[in-house]
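Asks: Just so you know, UniProt numbering puts the end of the sequence shown at 75, numbered straight through with nothing missing. C-beta atoms are modelled at their ideal positions from N, C-alpha and C, and glycine is treated no differently. Every value quoted in this text rests on a predicted model; they were computed, and no experiment measured them. Got a structure here, written out as structure tokens. Questions coming.
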Amino acid sequence: MTNSAPIEDVPIGGEMIRLGQFLKFAGFLDTGGNVKEAIADGDVIVNGEVELRRGRQLQLGDLVSFEGRTVRVCP
Numbered sequence: 001m002t003n004s005a006p007i008e009d010v011p012i013g014g015e016m017i018r019l020g021q022f023l024k025f026a027g028f029l030d031t032g033g034n035v036k037e038a039i040a041d042g043d044v045i046v047n048g049e050v051e052l053r054r055g056r057q058l059q060l061g062d063l064v065s066f067e068g069r070t071v072r073v074c075p
């Protein structure tokens, strides 16, 4: 997988955050409805694999990708 965009670090201020919350926090999407739709459509990638669970607990170091942008969960 080639990705020309650099990976951005997004500090969450803790050790874990749910995927749905993180997508809004990182600025990928604005609303819970948009988050739900993007995840259901298989458009969200976590650590290289499609993630269909909005409530998935992300941990520090996880990589989240959406629409060509990849970010890393940081403390």
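1. On the premise that Ile39 lies in contact with Leu52, defined as a C-beta separation below 8 Å, what is that separation, rounded to the nearest angstrom?
2. Taking the DSSP output, what are the residues bridged to Asp9?
3. Just list the residues that DSSP pairs Glu49 with in beta bridges.
4. Assign Phe66 to one of three DSSP states: helix, strand, or coil.
5. Suppose the cutoff is 8 Å on Cβ atoms and the five residues either side in sequence are ignored; what does the same chain contact list for Lys36 look like?
6. Taking Leu23 as part of the beta strand (DSSP E), name the residues at either end of that continuous run.
7. What are the start and end residues of the beta strand (DSSP E) that includes Leu58?
Replies: In this structure, then:
1. 6 Å
2. Arg72
3. Val46
4. strand
5. Gly20, Arg54
6. No beta strand (DSSP E) holds Leu23; the alpha helix (DSSP H) holding it covers 19-25.
7. 57-59
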